[in-house]
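Protein chains in written order, with the working numbering: chain E, 1 to 981; chain L, 1001 to 1142.
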């Protein structure tokens, strides 16, 4: 061997060593379904991606050089086996052989590239794929970024997931009750061996990751059928694998015994696939069967198939079924079978976390057949359950060794208490306790007996109680039911209950008597029951009167409120009510408002409430009252009386003293006439049949006589150009018809005239009649009584020169009146007469005065009349030729001798009283009027100035009668009777 | 000469501006499917990297992109890629496969800035369509 040859040999050896150490490259490639047209190539050893959207969209069109995964053979094997199992149901070859991939049609293959190279992809991701590219001509690679996944198992999960995308599948997502997406990836449920998640969700932490048919990421209502999607047309012929074992007895696969053992395997490819195996037993034998799903470690790691195992005999009778809930494999141990044909039926099944839809995959069946050899007789038994609840039944199975031909069972506490069958069933235990079971077997020669003391424990059922025991519902009300005595509860039926699995539930919305049953389970798992009937009563309908909630009542009146429809009533509050526990009550409020709640309860105990909002206001309590159209009248006249009583009177009795008619029983008596002046009372009594009301209206009518106006003129006829006066009488005040010759005087009851021609003067005299009786029940409390009168003044032309009186005065002088006058010339005066009048109208000769040389005269009138407050004086001069002329009238107010500083006039008075007094200094005066009993009727304080002054008072508010007037001015005071007419 | 150069420059500018508008409108289109003019696809696969390519549609839409990739994936299958002129964040990939049943085209237009995307596919009768969709119906991350 030359050096070169040695070196070549050495290099070849070195190359082989390196090649061997690299491991992965030396391993045989994996193929899950060799020869299949459809290929998913798992590429672990690096690849340069070109000509894809990955390149053009993410790498500027440039190649993406992806490093090898760096996975060991074991890791590659993990990924391969997990993905192979996921795609086991389909005619897809999961391969690690690139040649297989290259040989496949471009539209029937996909490269799953496991690489740590991800810097070219802008997002954080464990894998990325273009959808639906398995069956297309482009983008024939998807990526699993191993650096982001942590371990090979996760890479296997991601590999199936991304490959699933290329096979058209979208994600399975999670949604809340409002159909709002809460997680793009469905993370599954459960834990442990049966913990499940969809492959197209996220299943890194779950043992079973399966194809699923739960909601997709489109919508909570869009269920994505993964199996249908993978086998859909876009994937160019991807379909389920051909079934490898028959589905029934007739097509069962025979199991070949190798010694006393058998084994086989199969694939549950669809969720309707059943694989049936057949074995023939020549002798009575014990058989043990174990069916394990494909897994990647114990216990059933990453298995996809939850196995169901059923053993049947040749007639199809089920000999044993095994579908354990918490593990994925199934088995049958020591099943003693008579000689014959038996069938083992295998399929995928559901468990607590998955529905069975994706329970697909490979399984392995192994078993042992052991001939049953004669054994010494030894009684033995097993019970289907040893701890039961009272009333439950137990099946017993003979487990005796040997060949017993008869069996004697004794079930202490059970029913039946004894049995002679081999496997007695339905032994019922009616009472709680611990019981023994005894089995005696006999094989024709020997007996064997065995007692299993305290073998059966019977627990009492929980004693349930429901509170209330007699529930009822009124109308739409609810009632609560509370169950006690157990740990967990289940109510039924669910209708009308707001929950069914809590001790407390609420009955809501039933419309008839409903019986509910609650099942309660205690710590022993024993379940008791209790029924309760919820009686339904129609809702209590209260009828109220008045029907309105707001009731307006009259103050001080009793108003009836009533509620009916119930048996018992409660009114609240009781204020203002006649009682609080009857249907009818009377309410009386003096003022304000009050809100009453009336709660009625019927015979069923149903209650309801109605409400009254009572508002009291002043109104129609029975009270006599009248209305008269005029309470001040001029007689003779008639007034109209009408009834204005409140309440609801049904009879009336009127009394009109001084009127005609004097009485009436009509509600509205109409006109009542008065002919004489005076103050008249009216009374009215009304009755409503129960109560009566009487009211007297003193002085309701004030009547005055019509005035009779008289006009007097002293001189008739009158010389043209002379003045004269017309005196009026008979009224309180007067209204003249206008005439240019009128000179309006200072006194309303007299007037000066200078007629230029014969003139007729018209005057209207008035008397004001007031009725200030204080009632507010008349249409008119004031009236003007009037009378019209006229007088004709004849005027003649006189030729003499009129007398010129320079002045004429009259003043009080002590207890006399001093008159003084002076003529401008007195030659034509023949006679001078001083006249005096007490009323300013009717003058009498006081003194004829002798003509003197001097033009000035005076005369002292000493003929004073006691009590006369005012005197009127004038001169009457007769001129030559007989013509009479008069001076102006002088008015002298006489100061009273006893009360020289005050005068009261007129007295008696109708309305207006004039008060004259002399104040010694500026100050205040106080005036008051009392009635005879001393009640103050009028009071006024006013300012005074020094000297004489007048004050007018309107006494119309006083009723006719006698009063005492008291006046105090400074230190002077006087009290004097006055009469109000 | 100067006028001629200016005219050419103006024409190029106008062409470029027009293509941009067309591309932006493509992303905003309310059409579900847009057919590509028959016969317009074959020639663009002769484009070289860096070359501006126009893809004309039946409705008048023009998609202009600068080729960034033109690769034979395998015999009779090649893929053209590029960046849209009107929207620099949008990329087009178009694969031509000369299959037994005929030439088919597949591809996509994906915007990196929005969720708008177009799927390019060949209908049974041979018409190639742009189908408006969302990016998550084409490309799935995780």
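Note that CB positions come from ideal geometry on N, CA and C, so glycine has one too. Remember, it's a predicted structure, so these values are computed and weren't measured experimentally.
Measuring C-alpha to C-alpha distances from residue 705 of chain E to each of E/767, E/693, E/773, E/756 identifies E/767 as the nearest.
By the Cβ criterion, the segment 400-416 of chain E is in contact with the segment 439-454 of chain E, since at least three pairs of Cβ atoms, one from each stretch, lie closer than 8 Å. Pairing residue 1137 of chain L with residue 166 of chain E, the inter-Cα distance amounts to about 11 Å.
Within chain E, 56, 57 have C-beta atoms less than 7 Å from the C-beta of residue 1091 of chain L, given in sequence order.
When C-alpha distances from residue 907 of chain E are compared across E/937, E/962, E/968, the shortest belongs to E/962. With a cut-off of 8 Å on Cβ pairs, the segment 543-562 of chain E is not in contact with the segment 481-499 of chain E, counting fewer than three such pairs. Counting of Cβ neighbours within 10 angstroms places residue 652 of chain E among the buried residues, the total reaching 16 or more. Near chain L, meaning a CB-to-CB distance below 7 Å, the residues of the segment 154-177 of chain E are 165. Of all residues in the segment 200-231 of chain E, none is placed with a Cβ closer than 7 Å to any Cβ belonging to chain L. The bridge partners DSSP lists for residue 832 of chain E are E/849, E/877. For residue 331 of chain E, the pairing in a beta bridge is given by DSSP as E/290. When 8 Å is used as the limit between beta carbons, residue 187 of chain E is near no residue of chain L, the shortest such separation being about 13 Å. Annotation for residue 479 of chain E: 471, 473, 507 place their beta carbon closer than 6 Å to its own, counting only its chain and skipping 5 residues before and after.
Minimum Cα-Cα distance from residue 583 of chain E among the listed residues E/592, E/561, E/330 corresponds to E/561.
Between residue 283 of chain E and residue 261 of chain E, the alpha-carbon positions lie close to 15 Å from each other. When C-alpha distances from residue 512 of chain E are compared across E/538, E/691, E/438, the shortest belongs to E/538. Spatial neighbours of residue 544 of chain E in its own chain (CB-CB distance under 6 Å, excluding positions within 5 residues in sequence) are listed in chain order as 563, 610. Its Cα nearest to that of residue 1077 of chain L, the residue E/50 stands out among E/858, E/75, E/50. According to the DSSP secondary-structure assignment, residue 143 of chain E is paired through a beta bridge with E/113, E/128.
At least 8 Å separates the beta-carbon of residue 325 of chain E from that of residue 229 of chain E.
Judged by DSSP secondary structure, residue 230 of chain E falls within the alpha helix (DSSP H) whose first and last residues are 226-230. For residue 75 of chain E, the uninterrupted alpha helix (DSSP H) run begins and ends at 73-86, by DSSP. Residue 248 of chain E sits in coil when the DSSP states are folded into three classes, being neither helix nor strand. The C-beta of residue 1106 of chain L comes closer than 8 Å to at least one C-beta of chain E. Between residue 281 of chain E and residue 339 of chain E, the CB-CB gap stays under 8 Å. Under the criterion of beta carbons closer than 8 Å, residue 52 of chain E and residue 1093 of chain L qualify as touching, at roughly 7 Å. Around the beta-carbon of residue 147 of chain E, fewer than 16 other beta-carbon atoms lie within 10 Å, marking it exposed. Listed along chain L are 1141, 1142, each with a C-beta nearer than 7 Å to that of residue 125 of chain E. Residues of the segment 478-502 of chain E that bring their beta carbon within less than 8 Å of a beta carbon in chain L are absent altogether.
In the pairwise beta carbon analysis, the segment 88-95 of chain E is classified as not touching the segment 169-185 of chain E: fewer than three pairs are separated by under 8 Å.
Residue pairing by DSSP places residue 916 of chain E opposite E/903, E/950 in a beta bridge.
When rounded, the separation of the alpha-carbon atoms in residue 423 of chain E and residue 127 of chain E is 60 Å. At a Cβ-Cβ threshold of 8 Å, residue 777 of chain E and residue 628 of chain E count as neighbours. Interface annotation for the segment 105-138 of chain E against chain L: 106, 123, 125, 126, 127, 128, 129, 130, 131, 136, 137, 138, criterion Cβ-Cβ distance under 7 Å. Using beta-carbon distances, residue 53 of chain E counts as an interface residue toward chain L, with a partner under 8 Å. For residue 1074 of chain L, the nearest CB of chain E lies under 8 Å from its own CB, placing it at the interface with that chain.
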